[in-house]
Amino acid sequence: MAKKFSAPLERTARLLDLVPYISSHQGISLKELAAVFKVDQAQMTSDLTTLWMCGLPGYTPLELMDLEFESGFVTIHNAQTLSKPRSISFDEGVALVLGLDLLRSSISPDRSDLLERIDSLSNRLAVLINLPTALSAISQVNQDVSAAISDALKSRMGLQITYHSLYRDELSTRTILPIEIVESDGHVYLSSYCYQALDFRQFRIDRIQSATVQAVPLEIPKTATEQSSYACTIKVLTPTRAIAERFKKSDLSVNTEFNFQTYSLQWIERSIMASGGAVCLNSPLDVRKSIAVMAQTMLDRYKAR
């Protein structure tokens, strides 16, 4: 017959309870110990074997648990050492305090009980490692925005958002149907269908200024994938890492050309300007002329009056 082992979470909880129980019941029989924790002796033997490889950081024979149970009776010989509270280093304390501060920012103000417990634990840690009380971490995402996004995803509702576009440097109000939250290049985005653009878009969540849940049509128009994009031809004058990352190209060399698709002419204008003399936009010609005008306007500001 195959051995019947308990679920992983139940076993983990039992392992955590075993050490203090054995410490206060030294020499308890294996049969009695199994009965106390409501498992058979084979399972208890397996648990004790696992505990044999646990201990304090360092994990040498000096820090591992010194268990004895081969005789049918269970004893921990280094219980006093294991019971000593572990000290927290300054770096560990800082990480814990900052983590608690981020956790605090994600909790509703209505949960005053949780907020008080977080504040109490944070103050105790700060005193323990002599940490300045001014140290804090603030989430870049507005708490109300996070709550609205969560509600919309759960209820399959839409959102009306105020969004700051970095490429256009402007605020716009959009009605979207959120689909999922994704992470890319260290940023968190909300994949959605945008009813203004009539196409799918990704919005960086930390750039959403406000969000309100509202009802929207759940049927996405079939023309959503037919939204036109803009094809650009770019010539490389000076290959740099910044150019490769900005346009997601590799193996660039002098005077090579590549095609690039974008949904925003403002983005391509800003990207070419930000690249300085490292690249040249060959097409579209109207965007090329627009960039030339902007560049000349900036140069004119340096002329003596």
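Each residue of the sequence shown is one higher than the one before, starting from 974 at the first, in this note's numbering. Beta carbons: idealized from backbone N, C-alpha and C, even for Gly.
Nonlocal neighbours in the same chain, by C-beta distance under 8 Å from residue 1073, ignoring five residues either side: 1091, 1094, 1095, 1098
Assigned exposure category for residue 974 - 16 Cβ within 10 Å defines buried: Confidence at residue 974 is low in this model, with a pLDDT of 35, below 50, so its placement is unreliable and no value can be given for it.
Same chain, Cβ closer than 6 Å to residue 1124, neighbours up to 5 away in sequence not counted: Answer for residue 1124: 1186, listed in chain order.
Proximal residues to residue 1130 (C-beta, below 8 Å), its chain only, five neighbours per side dropped: 1124, 1186, 1187, 1188, 1189
Limits of the unbroken alpha helix (DSSP H) element including residue 1262: Unbroken alpha helix (DSSP H) run through residue 1262: 1258-1273.
Helix, strand or coil at residue 1155 according to DSSP, with G and I counted as helix: strand
The stretch 1206-1213 / the stretch 1173-1184 touching (three or more Cβ pairs under 8 Å): At 8 Å Cβ cutoff, the stretches do not touch.
Cβ pair count under 8 Å reaching 3, the stretch 1214-1227 against the stretch 1237-1251: yes
Counterpart residues of residue 1042 in DSSP-defined beta bridges: DSSP, once it has assigned bridges, lists no residue as partnering residue 1042.
Limits of the unbroken beta strand (DSSP E) element including residue 1065: From DSSP, residue 1065 is part of no beta strand (DSSP E) but of the alpha helix (DSSP H) over 1063-1078.
DSSP state of residue 1143 mapped onto helix, strand, coil: strand
Residue range of the alpha helix (DSSP H) that includes residue 1215: 1214-1220
Neighbour-count burial assignment, residue 1166, 16 or more Cβ in a 10 Å radius: buried
7 Å CB neighbourhood of residue 1137 in its chain, flanking five on each side removed: 1144, 1180, 1182
Assigned secondary structure, residue 1103 (DSSP; H/G/I helix, E/B strand, else coil): coil
DSSP three-state assignment for residue 999, whether helix, strand or coil: coil
Cβ-Cβ separation, residue 1066 to residue 1003 (assumed contact under 8 Å), whole Å: Residue 1003 to residue 1066, Cβ: 40 Å. No contact.
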